[in-house]
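Asker: Here the protein sequences line up with chains A and B, keeping their order.
Per numbering that gives the first Met the number 0, numbering of the first sequence is gapless, rising by one per residue and ending at 349.
Per numbering that gives the first Met the number 0, numbering of the second sequence is gapless, rising by one per residue and ending at 368.
Where is the CB? At the ideal position from N, CA and C, for every residue including glycine.
To start, I am sharing the structure in question, which I have written as structure tokens.
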Amino acid sequence: MEFLLQYVAVPMIKILVVFMTLSLVVAYLTFMERKIIAFMQVRLGPMRVGPYGLLQPIADGLKLMLKEDIVPAGADRLIFMMAPIITLIPAFIVFSVIPFGPPGSIAIPGLGYEVENPFYITDINIGVLFILSVSSIGILGVILGGWASNSKYPMLGALRSAAQMVSYEVALGFSIMGVLILAGTLSLVEIVEAQREGQFWYVFLQPVGFILFFICGVAETNRAPFDLPEAETELVAGFHTEYSGFRFSLFFLAEYASMIVIASMATTLFWGGWLRPFPSVEALAFLDFVPGVAWFSLKVGTFLYFYLWFRASWPRYRYDQLMSLGWRYLLPLAIANVIVTAILVLVVKG
Amino acid sequence: MENTLFDSSEITVSMGPQHPSTHGVLQVKLKLDGEKVIDAECVIGYLHRGVEKLGENQTYGQFVPTLDRMDYIAAVSNCLGYCEAIEKMLRVEAPPRAQYIRVILTELNRITSHLLWLGTHALDIGAMTVFLYAFREREEILKIFENYCGARLTTHVFRIGGLEYEIYDGFEDQIRAFIKDFPKKIAEYEQLLTQNRIWIGRTRGVGVLTREEAINIGVTGPCLRASGLDWDIRKSNPYACYSEFDFDVPVGEYGDTYDRYLVRMEEMRQSMRIVSQAVENIPDGPIRAKVGKIIKPPVGDVYHSIEAPKGELGYYIVSDGSTRPYRIRVRPPSFVNLQALKQMVKGHMVADVVAVIGTLDIVLGEIDR
């Protein structure tokens with residue numbers, strides 16, 4: 000009984016809670032995107048469904064679910080249908096290792112049972128590696144989706160995505176190496192703990208690493224100004240041109256879920272995860288009454304806001320410019336950052 | 000020739016006629032090598048309505064509203080060119096008061112046309128906020144049109160020999176308020192684009208049109224001026240009362256998309272200068288010359304061209320002495336400017352095709368007529 004509770008029931012509930020919350024956050028992220036960009040552009044955004052348009056994401060979801068699921072005549076049916084799922088699932092799996100709050104156990108009153116580590120599903124000792132490898136599976140869905148559509152625009156979009164995501168993944172990987180050298184661990188929980196013990200959020204020790212990580216992250220998720228794969232004014236909708244209804248919405252959900260992944264990773268690796276600002280300064284101890292989850296959400300929300308802000312402000316890069324930025328500037332900079340960090344750590348720690 | 004594994008294969012992509020950024024129903028057949036454009040062919044005619052032929056079956060006055068549907072973004076310019084051409088045939092001249100009001104409305108229309116260009120061009124390159132900002136100011140001008148003649152887009156604002164309507168109360172004030180406000184707004188657009196690294200990267204050196212090429216193709220308007228030729232019909236062959244105003248003609252240097260952007264931005268400022276001079280000095284007097292109820296130009300032909308927002312808009316009209324024109328031929332600026340597309344996109348990337356279509360500032364209603 001105890002075994003079932005500890006290894007089946009509790010994790011299942013945790014997964015369910017994370018999944019439901021995440022789905023809701025993704026849905027309302029689309030809403031916030033429309034609202035925030037609307038306010039930046041002197042308009043109101045959705046206002047019709049519910050007060051201030053608050054029910055708009057639900058209406059959108061319903062609409063997409065009720066639409067006809069069109070599969071083009073020349074498409075490779077099986078792959079065409081699988082592609083959105085291949086893209087969506089990794090984006091959600093990644094959340095199994097992201098710590099939303101501090102470790103520790105909470106007693107549930109009445110049951111006499113203590114839930115261990117309620118704020119994350121699991122903590123594995125290769126967390127960062129796990130995120131990188133799982134999230135890179137998502138690209139496959141994009142490529143397959145574009146290829147299986149048997150249409151030229153999606154094909155071009157898919158080729159762009161493939162090139163873009165692969166090349167930025169390299170720089171992304173190098174940009175977080177600095178943090179790993181400092182923390183000496185791949186577990187996300189331990190990285191945050193190391194930031195408390197080290198007294199500084201890693202963004203202060205790794206500013207270059209953070210900037211590179213965020214730029215590459217924006218490119219990884221195909222968001223403006225790197226939204227080439229779905230550049231709507233050039234390639235109509237890129238790799239998901241031929242998708243309709245619910246399958247289209249899966250791609251859409253995956254994109255927004257990946258945005259949250261990148262924001263969560265930036266928070267965890269560089270901005271101290273669930274820690275309050277300046278965890279070492281005793282004078283700020285009064286901030287401790289704010290729960291860790293709230294700090295985490297606040298930081299993630301800030302990064303998501305940056306995503307939207309970028310989209311409202313900047314034009315789009317061209318394909319070749321994007322490639323040259325990635326390979327000629329970001330990657331060498333990331334590698335230099337790793338080397339400098341390594342040497343400094345060696346010198347300081349002896 | 001034997002195909003080897005390393006041969007690059009071309010694909011043909013049909014861009015349009017229902018593509019979000021071909022600005023209407025233009026179809027471009029692109030031959031691509033990967034992302035690189037090898038060849039581009041424009042297919043036009045999807046919006047053909049036979050405007051020129053329609054003119055032969057209507058009286059001179061009846062034809063004017065149809066012309067508004069050519070370049071529907073700059074309907075006032077279309078109207079001005081046609082009315083002046085007929086006035087030239089009739090050897091009458093609109094009274095000074097009408098001339099001034101014509102200039103004010105035409106220049107305001109030039110600003111709306113350029114604002115629409117700016118918004119859609121920026122949107123094509125991915126800067127979506129500029130689009131909504133530009134439309135905000137465009138709305139203010141459209142309100143002035145609406146107050147003046149009741150219509151916003153297809154205004155039918157002038158008549159042969161002058162104007163139909165006297166200006167309304169508060170016309171000048173509304174324009175003054177707009178002029179006062181507008182420089183700040185232009186600065187706002189420029190802040191988002193002019194120094195933006197991505198914007199410069201996307202437009203500098205893209206779609207270069209040298210001076211010679213531009214002249215050979217017959218490109219006119221801001222596209223020609225950006226290529227370095229100081230040619231503006233308002234200066235070189237003044238019509239209406241443009242010679243009475245003080246304004247500069249901005250000229251570019253390299254003839255690339257960025258230069259065309261700068262030229263048009265400056266043109267908006269210059270248009271504002273003209274409007275601000277005109278609105279302070281509107282003379283008193285009649286608003287319409289005596290042309291008679293039935294317009295019967297003498298036998299003969301006339302060519303009259305004006306500087307429309309997109310380039311030289313010319314009307315060639317042949318009269319056989321009856322109440323209907325024998326033949327009307329329109330020289331639309333967009334049609335001629337579009338010829339340059341093929342040359343401008345060759346060797347560039349797919350994304351640049353969109354930028355070049357945007358920078359040419361075409362209107363399909365005018366190309367297909």
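1. A/Gly144 lies in the alpha helix (DSSP H); which residues open and close that run?
2. Where does B/Gly200 sit, in a helix, a strand or coil, going by DSSP?
3. Can you tell me whether A/Pro153 is helix, strand or coil according to DSSP?
4. For B/Gly200, which residues in chain A fall below 8 Å Cβ to Cβ?
5. Can you tell me whether A/Val291 is buried or exposed? The criterion is at least 16 other CB atoms within 10 Å of its CB, across all chains shown.
6. Helix, strand or coil: which one does DSSP assign to B/Arg68?
7. If contact means a Cβ-Cβ distance below 7 Å, which residues of the region 32–50 of chain B contact chain A?
8. Alpha carbon to alpha carbon, what distance is there between A/Val141 and A/Gly73?
9. With H, G and I counted as helix, E and B as strand and the rest as coil, what does DSSP make of A/Ile36?
10. What do you get for A/Glu115, buried or exposed, if any count of 16 or more other CB atoms within 10 angstroms of its CB means buried?
11. Please report how far the alpha carbon of B/Gly60 lies from the alpha carbon of A/Ala223, in whole angstroms.
12. What three-state label does DSSP hand B/Pro324 in the structure shown?
13. Would A/Glu219 pass as an interface residue toward chain B - the criterion being a Cβ-Cβ separation below 8 Å?
14. Do we get a CB-CB distance below 8 Å when we pair A/Lys34 with the residues of chain B?
15. If we define contact as Cβ-Cβ less than 8 Å, is B/Thr10 a contact residue for chain A?
16. Quick check on B/Gly364: does DSSP put it in helix, strand or coil?
17. Check each residue of the region 41–56 of chain A: if its Cβ is closer than 8 Å to any Cβ of chain B, include it; give the result in chain order.
18. Output the boundary residues of the alpha helix (DSSP H) element that contains B/Gln98.
19. Just to make sure I have the definition right: I need the residues of chain B whose C-beta is within less than 8 Å of the C-beta of A/Ser311. Which are they?
20. Hey, out of B/Glu9, B/Phe62, B/Leu46, B/Pro94, whose CA is closest to B/Tyr285's CA?
21. Any idea what DSSP makes of B/Thr154, helix, strand or coil?
22. So which residues of chain A does B/Arg203 contact, with C-beta pairs closer than 9 Å?
23. Any beta carbon of chain B sitting closer than 8 Å to that of A/Pro98?
24. Mind listing which residues of the region 252–270 of chain A have their C-beta closer than 9 Å to chain B's C-betas, in chain order?
25. Going by the DSSP bridge assignment, what does B/Asp38 pair with across the sheet?
26. Which bits of chain B does A/Pro224 rub up against, with CB to CB less than 8 Å?
27. Counting only beta-carbon separations shorter than 8 Å, does B/Ala350 have a partner in chain A?
28. What residues in its chain sit with their C-beta under 8 Å from that of B/Leu228, if we drop five residues either side in the sequence?
29. Starting from B/Val278, trace the alpha helix (DSSP H) both ways and give me its first and last residue.
30. Taking DSSP's pairing of strands, which residues face A/Val114 in a bridge?
31. Output yes or no for whether 8 Å exceeds the beta carbon distance between A/Ile180 and A/Leu329.
32. From the beta carbon of B/Leu4, is the nearest beta carbon of chain A less than 8 Å away?
33. What alpha helix (DSSP H) runs, 4 residues minimum, are completely inside the region 147–216 of chain A?
34. Excluding the five sequence neighbours on either side, which residues of its own chain have a C-beta within less than 7 Å of the C-beta of A/Thr267, listed in chain order?
Answerer: In this structure, then:
1. Position 145 of the first sequence holds residue 144 of chain A. Segment 126–147, the alpha helix (DSSP H) holding A/Gly144.
2. As a working mapping, residue 200 of chain B is identified with position 201 in the second sequence. Helix, per DSSP.
3. Taking the first residue of the first sequence as position 1, residue 153 of chain A is located at position 154. If DSSP states are grouped into helix, strand and coil, A/Pro153 belongs with the helices.
4. Here the question's residue 200 of chain B lines up with position 201 in the second sequence. Tyr316, Arg317, Gln320, listed in chain order.
5. For the purposes of this step, residue 291 of chain A is identified with residue 292 of the first sequence, where counting begins at 1. Looking at the sequence itself, residue 291 of chain A is Gly, so the reference to Val does not match. Buried, because 16 or more other Cβ atoms sit within 10 Å of the Cβ of A/Gly291.
6. Within the second sequence, residue 68 of chain B is the residue found at index 69, counting from 1. B/Arg68 falls in the coil class under three-state DSSP.
7. Glu34
8. In the first sequence, the residue the question calls residue 73 of chain A occupies position 74. In the first sequence, the residue the question calls residue 141 of chain A occupies position 142. When rounded, the distance between both Cα atoms is 18 Å.
9. Here residue 36 of chain A refers to the residue found at position 37 when the first sequence is read from its first residue. Three-state DSSP puts A/Ile36 in a helix.
10. The sequence position of residue 115 of chain A within the first sequence is 116, counting from 1. That one is exposed.
11. Counting from 1 along the second sequence, the entry for residue 60 of chain B is found at position 61. Counting from 1 along the first sequence, the entry for residue 223 of chain A is found at position 224. Cα to Cα, B/Gly60 sits roughly 51 Å from A/Ala223.
12. Walking along the second sequence from the start, residue 324 of chain B turns up at place 325. If DSSP states are grouped into helix, strand and coil, B/Pro324 belongs with the strands.
13. Counting from 1 along the first sequence, the entry for residue 219 of chain A is found at position 220. Chain B, which has no Cβ nearer than 8 Å to the Cβ of A/Glu219, makes this no.
14. By one-based count along the first sequence, residue 34 of chain A stands at place 35. Not closer than 8 Å to any Cβ of chain B, the Cβ of A/Lys34 fails to qualify, so no.
15. Locating residue 10 of chain B in the second sequence gives position 11, counting from the first residue. Just to set this straight, residue 10 of chain B is Ile in the shown sequence, not Thr. Yes, contact with chain A.
16. By one-based count along the second sequence, residue 364 of chain B stands at place 365. Helix.
17. Val41, Arg42
18. Translated into the one-based positions of the second sequence, residue 98 of chain B becomes position 99. 95–124 is the span of the alpha helix (DSSP H), which, as asked, contains B/Gln98.
19. Locating residue 311 of chain A in the first sequence gives position 312, where the first residue counts as 1. Reading off the sequence shown, one finds Ala at residue 311 of chain A, where the question assumed Ser. Here the neighbours are Met127, Thr128.
20. One-based indexing of the second sequence puts residue 285 of chain B at position 286. The displayed chain sequence assigns Pro, not Tyr, to residue 285 of chain B. Ranking the options by Cα distance to B/Pro285, first place goes to B/Pro94.
21. Counted from its first residue, the second sequence places residue 154 of chain B at position 155. Reduced to three states, the DSSP call for B/Thr154 is coil.
22. As a position in the second sequence, residue 203 of chain B is number 204, starting the count at 1. Here the premise fails: no neighbours, minimum Cβ distance about 11 Å.
23. Here residue 98 of chain A refers to the residue found at position 99 of the first sequence. Closer than 8 Å: no.
24. none
25. The count along the second sequence starts at 1 and reaches residue 38 of chain B at position 39. B/Asp38 is bridged to B/Lys30.
26. Mapped onto the first sequence, residue 224 of chain A falls at position 225. By Cβ distance, chain B contributes Gly125, Ile197.
27. Taking the first residue of the second sequence as 1, we reach residue 350 of chain B at position 351. Output row for B/Ala350: interface = yes.
28. Against the second sequence, residue 228 of chain B aligns to sequence position 229. Closer than 8 Å at Cβ, skipping near neighbours: Arg210, Ala213, Ile214, Val250.
29. Taking the first residue of the second sequence as position 1, residue 278 of chain B is located at position 279. Counting along the chain, the alpha helix (DSSP H) containing B/Val278 begins and ends at 256–279.
30. Sequence index remark: in the first sequence, residue 114 of chain A carries index 115 (1-based). According to DSSP, A/Val114 bridges with A/Ile105.
31. Counted from its first residue, the first sequence places residue 180 of chain A at position 181. Counted from its first residue, the first sequence places residue 329 of chain A at position 330. Cβ distance not < 8 Å, so A/Ile180 and A/Leu329 don't count as in contact.
32. Here residue 4 of chain B corresponds to residue number 5 of the second sequence, with the count starting at 1. Low per-residue confidence applies at B/Leu4: pLDDT is 46, beneath 50, and the placement is therefore not dependable, though the value from the model is reported in the following sentence. No, B/Leu4 does not count as interfacial toward chain A.
33. 151–174, 176–182, 187–196, 201–204
34. Along the first sequence, read from residue 1 onward, the residue named residue 267 of chain A stands at position 268. If we look at A/Thr267 and ignore the five residues flanking it on each side, its Cβ neighbours are Ile97, Pro98, Leu187, Ile190, Val191.
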